[in-house]
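Visitor:
Numbering (this note's numbering), first residue to last: 117 to 686.
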């Protein structure tokens with residue numbers, strides 16, 4: 117048996133038993149849907165012909181029982197599909213959550229929560245009325261066959277009507293799919309752009325950029341509204357035509373039935389029953405047309421999810437490696453930003469022993485932050501390798517290696533939650549380790565002065581915390597636990613003198629622990645306590661060695677440069 121290849125197809129295949137159950141219930145539902153026609157035929161042909169009230173009573177009671185059964189079956193089928201949609205979501209939501217973060221890594225943080233919205237769109241379609249139409253549509257030939265049994269004229273009218281409604285459905289697809297797909301793209305782009313603008317609300321407000329950004333947003337929003345309006349107008353027209361035709365043909369077939377009854381070709385009961393049966397036969401097609409917009413939205417979301425999951429296949433389980441000691445090696449490493457073919461780091465080679473304190477210096481855009489990301493496995497190398505304790509850094513299971521790493525990026529991002537949760541990296545909070553990390557970062561006293569201390573809730577931007585306070589909490593997060601490797605990118609960029617002193621103490625504590633530390637800095641104060649200095653220039657490691665040796669070379673270069681060149685260098 118050939119199994120579906122894509123992850124989405126596999127998830128749906130995993131729910132096949134539930135879909136089969138829904139199909140079985142649809143079988144009995146559609147059989148019971150014949151009840152109104154049968155009841156009408158019996159009333160007209162038996163009850164009115166015999167004037168028997170007892171027959172009418174028994175037929176009515178039986179019909180009521182069957183109608184109640186029909187309602188229960190409809191409810192059970194809807195509950196099955198609700199559970200299918202929930203199961204479908206549970207099979208994919210964790211995978212999509214991880215994929216969004218992987219997408220953010222390779223796109224430089226440009227990922228969004230759109231995949232979860234797409235999953236919601238697919239899940240909502242699985243519980244909507246549109247899916248019921250797909251379950252009921254296969255019964256159309258059976259209804260048509262019954263109408264032919266009533267009278268061939270009924271069958272011909274039903275077939276022509278079904279073909280016309282199917283043509284309307286195809287017209288609906290051709291007329292609205294392109295506009296709706298483009299509208300979905302514009303909607304996603306507009307939402308992502310707005311989210312990015314909101315993250316920079318302070319700059320937008322301070323520089324008076326809101327009118328310009330709002331004008332751009334309104335332009336895209338107007339385009340979105342027009343596309344949706346055009347698609348809705350077309351869908352509304354076709355839906356109106358479909359309903360009008362179905363109501364009209366149901367009435368006209370009564371006239372045809374009356375003509376046939378007058379000529380004694382059918383009974384009066386078959387005249388009424390045929391009209392009801394025709395309406396039931398055409399109802400799924402009409403429902404498909406009415407729910408086509410929802411179907412197209414779900415289909416577009418499904419396609420986007422398929423592409424995303426194909427681009428980021430699930431990672432195979434990896435054998436856990438021993439806890440790292442902090443040995444770092446770069447072997448002819450070439451690193452380029454995700455999505456770029458131009459390398460920022462070129463043929464980097466070095467080896468750092470455990471417990472070494474390294475200062476990574478260089479001019480702006482020399483590749484320091486890129487090297488930090490590569491050392492942590494955030495950005496992959498294009499050529500060569502970055503190794504931690506002899507293993508390629510990308511071979512480690514991030515969930516297991518994370519506690520042994522400490523990282524303070526240039527742009528400090530805290531997360532919604534308490535200060536304690538942020539420091540503990542949202543894992544199980546070890547109060548002793550949280551306080552130790554806060555004290556090492558020199559932020560313990562500041563936290564105690566907050567209204568709820570370590571239980572103070574902060575937002576993603578740190579709430580009312582200053583840039584320096586956010587940076588020190590980020591430093592405490594990097595120091596939490598007992599990391600073997602700590603990389604700090606400009607850790608003193610927002611610190612005052614007190615913060616600088618706290619940072620120096622924290623670095624000395626790390627050094628005493630035997631932790632491998634790499635500090636990216638432009639300030640010379642930290643250089644007094646480092647063991648080694650690495651100098652990057654335009655992505656090339658031009659100097660690397662013991663602190664005093666590298667400083668001597670730098671001083672020698674400065675004294676030998678002409679005054680003009682020296683001024684440019686500074």
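Each residue gets a CB set at the ideal place from its N, CA and C atoms; glycine is no exception.
1. Rounded to a whole number of angstroms, what is the C-alpha to C-alpha distance between residue 139 and residue 251?
2. Going by DSSP in three states, residue 608 sits in which element: helix, strand or coil?
3. Compute the distance between the beta-carbons of residue 405 and residue 355, then report whether it is under 8 Å.
4. For residue 209, which residues in the same chain have their Cβ closer than 8 Å to its Cβ, ignoring the five residues on either side in sequence?
5. Taking only runs of the beta strand (DSSP E) that begin and end inside the segment 399 to 464, which ones reach a length of at least 3 residues, in chain order?
6. Using three-state DSSP, classify residue 523 as helix, strand or coil.
7. Under a three-way DSSP split, which group does residue 133 fall into?
8. Does the segment 439 to 446 come into contact with the segment 500 to 516, if we say contact requires no fewer than three beta-carbon pairs (one atom in each stretch) closer than 8 Å?
9. Could you say if the segment 598 to 612 and the segment 568 to 576 meet the contact criterion of at least three C-beta pairs nearer than 8 Å?
10. Report all residues from its chain with a CB closer than 7 Å to the CB of residue 297; omit the five preceding and five following residues, and keep chain order.
11. Is it right to say residue 295 is buried, meaning 16 or more other beta carbons lie within 10 angstroms of its own, or is it exposed?
12. Determine the DSSP secondary structure at residue 513, reduced to helix, strand or coil.
13. Which of helix, strand or coil does DSSP assign to residue 650?
14. Tell whether a beta-carbon distance below 8 Å holds between residue 558 and residue 615.
15. Note down the Cα distance separating residue 689 from residue 177, rounded to an integer number of angstroms.
16. Beta-carbon separation of residue 292 and residue 347 under 8 Å?
17. Using the three-state DSSP reduction, which class does residue 505 fall into: helix, strand or coil?
18. Since residue 272 sits in a beta bridge, which residues does DSSP pair it with?
19. Under the three-state reduction of DSSP, which class applies to residue 336: helix, strand or coil?
20. Does the pairing of the segment 359 to 368 with the segment 328 to 345 give three or more beta-carbon distances under 8 Å?
21. Is it buried or exposed, residue 132, if we count other Cβ atoms within 10 angstroms and call 16 or more buried?
22. Classify residue 553 as buried or exposed, calling it buried when 16 or more other Cβ atoms lie within 10 Å of its own Cβ.
23. Taking the Cβ atom as the reference point for each residue, do residue 266 and residue 371 lie within a distance shorter than 8 Å?
24. Would you grab the beta carbon distance between residue 284 and residue 357 for me? Rounded to a whole angstrom, and I think it's under 8 Å.
25. Tell me the rounded alpha-carbon separation between residue 561 and residue 584.
26. What does DSSP give as the partner residue(s) for residue 279 in the beta ladder?
27. Where do the ends of the beta strand (DSSP E) carrying residue 478 lie?
28. Using a 10 Å radius around the Cβ and a threshold of 16 neighbouring Cβ atoms, would you call residue 683 buried or exposed?
29. Please list, in chain order, all residues of the same chain as residue 590 whose beta carbon is under 6 Å from its beta carbon, the five residues on each side excluded.
30. In angstroms with no decimal places, state the Cα-to-Cα distance between residue 680 and residue 458.
31. Can you check DSSP and say which residues form a bridge with residue 499?
32. Which residue's Cα is closest to the Cα of residue 462: 657, 247, 215?
33. At which residue ranges does the segment 224 to 262 contain complete alpha helix (DSSP H) runs of 4 or more residues, listed in the order of the chain?
34. Given a cut-off of 8 Å on the beta-carbon distance, is the pair residue 702 and residue 514 in contact?
35. Is the beta carbon of residue 159 sitting closer than 8 Å to the one on residue 175?
36. So, at 7 Å on beta carbons, what are the nonlocal neighbours of residue 118 in its own chain, with the 5 sequence-adjacent residues on each side left out?
Guide: Looking at the coordinates:
1. To locate residue 139, count along the chain shown from 1; it is residue 23. To locate residue 251, count along the chain shown from 1; it is residue 135. Just so you know, the alpha carbons of residue 139 and residue 251 end up roughly 6 Å apart.
2. Counting from 1 along the chain shown, the entry for residue 608 is found at position 492. The answer is coil: DSSP assigns residue 608 none of H, G, I, E or B.
3. The count along the chain shown starts at 1 and reaches residue 405 at position 289. The count along the chain shown starts at 1 and reaches residue 355 at position 239. Yes. Within cutoff.
4. Taking the first residue of the chain shown as position 1, residue 209 is located at position 93. Its chain contains 232, 235 as the residues whose beta carbon lies nearer than 8 Å to that of residue 209, once the 5 sequence neighbours on both sides are disregarded; these appear in chain order.
5. Here the runs fully enclosed are 444 to 451.
6. Translated into the one-based positions of the chain shown, residue 523 becomes position 407. In the structure shown, residue 523 sits in a strand (DSSP, three-state: E or B).
7. Taking the chain shown and counting its residues from 1, the one referred to as residue 133 is at position 17. Under the three-state reduction of DSSP, residue 133 is assigned to helix.
8. Three or more beta-carbon pairs drawn from the segment 439 to 446 and the segment 500 to 516 are found closer than 8 Å, and the two stretches are therefore classed as touching.
9. Contact between the segment 598 to 612 and the segment 568 to 576 is absent, because fewer than three Cβ pairs lie under 8 Å.
10. Here residue 297 corresponds to residue number 181 of the chain shown, with the count starting at 1. 416, listed in sequence order.
11. Counted from its first residue, the chain shown places residue 295 at position 179. Buried.
12. Position 397 of the chain shown, counted from the start, is the residue given in the question as residue 513. Here residue 513 sits in coil by DSSP.
13. If you number the chain shown from 1, residue 650 lands on position 534. Strand at residue 650.
14. The residue labelled residue 558 in the question sits at position 442 within the chain shown. The residue labelled residue 615 in the question sits at position 499 within the chain shown. Taking 8 Å as the Cβ cut-off, residue 558 and residue 615 qualify as a contacting pair.
15. The question about residue 689 has no answer, for the chain in this structure spans 117 to 686.
16. Sequence index remark: in the chain shown, residue 292 carries index 176 (1-based). Sequence index remark: in the chain shown, residue 347 carries index 231 (1-based). One thing to note: residue 292 has its Cβ within 8 Å of the Cβ of residue 347.
17. Here the question's residue 505 lines up with position 389 in the chain shown. Residue 505: coil per DSSP, three-state reduction.
18. On the chain shown, residue 272 is found 156 positions in, with the first residue counted as 1. Residue pairing of residue 272 in beta bridges, as defined by DSSP: absent, with no partner found.
19. Within the chain shown, the letter at position 220 stands for residue 336. Assignment of residue 336 by DSSP, reduced to helix, strand and coil, places it in the helix class.
20. Result no; under three Cβ-Cβ pairs closer than 8 Å.
21. As a working note, residue 132 is residue 16 in the chain shown. Looking at its Cβ environment, which holds fewer than 16 other Cβ atoms inside 10 Å, residue 132 is exposed.
22. Here the question's residue 553 lines up with position 437 in the chain shown. Within a 10 Å sphere around the beta-carbon of residue 553 sit 16 or more other beta-carbons, which makes this residue buried.
23. Along the chain shown, one-based indexing puts residue 266 at 150. Along the chain shown, one-based indexing puts residue 371 at 255. Not a contact, by the Cβ cut-off of 8 Å.
24. Position 168 of the chain shown holds residue 284. Position 241 of the chain shown holds residue 357. At roughly 6 Å, the Cβ-Cβ gap stays under 8 Å, so residue 284 and residue 357 are in contact.
25. As a working mapping, residue 561 is identified with position 445 in the chain shown. As a working mapping, residue 584 is identified with position 468 in the chain shown. Distance between residue 561 and residue 584, taken at the CA atoms: about 14 Å.
26. If you number the chain shown from 1, residue 279 lands on position 163. Within the DSSP bridge table, the entry for residue 279 names no partner.
27. Start at 1 with the first residue of the chain shown, and residue 478 comes out as number 362. 473 to 478 is the span of the beta strand (DSSP E), which, as asked, contains residue 478.
28. Counted from its first residue, the chain shown places residue 683 at position 567. Reliability fails at residue 683, whose pLDDT of 38 lies under 50, so the model's placement of it is uncertain and the value that follows must be treated cautiously. With fewer than 16 Cβ atoms within 10 Å of its Cβ, residue 683 is classed as exposed.
29. Here residue 590 refers to the residue found at position 474 when the chain shown is read from its first residue. Excluding residues within five positions, the ones whose Cβ falls inside 6 Å are 524, 528.
30. The residue given as residue 680 occupies position 564 in the chain shown. The residue given as residue 458 occupies position 342 in the chain shown. Here the model assigns residue 680 a pLDDT of 41, short of 50, so the residue's position is not dependable and the matter cannot be decided.
31. One-based indexing of the chain shown puts residue 499 at position 383. Residue 499 is bridged to 450.
32. By one-based count along the chain shown, residue 462 stands at place 346. Cα-wise, what sits closest to residue 462 is 657.
33. You should have 230 to 242, 245 to 252.
34. The structure shown does not extend to residue 702, since the chain is modelled only from 117 through 686, so no value can be given for it.
35. Position 43 of the chain shown, counted from the first residue, corresponds to residue 159. Position 59 of the chain shown, counted from the first residue, corresponds to residue 175. Taking 8 Å as the cut-off, the Cβ atoms of residue 159 and residue 175 count as close.
36. Numbered from its first residue, the chain shown carries residue 118 at position 2. No answer about residue 118 holds up, because its pLDDT of 46 lies below 50 and its placement is not dependable.
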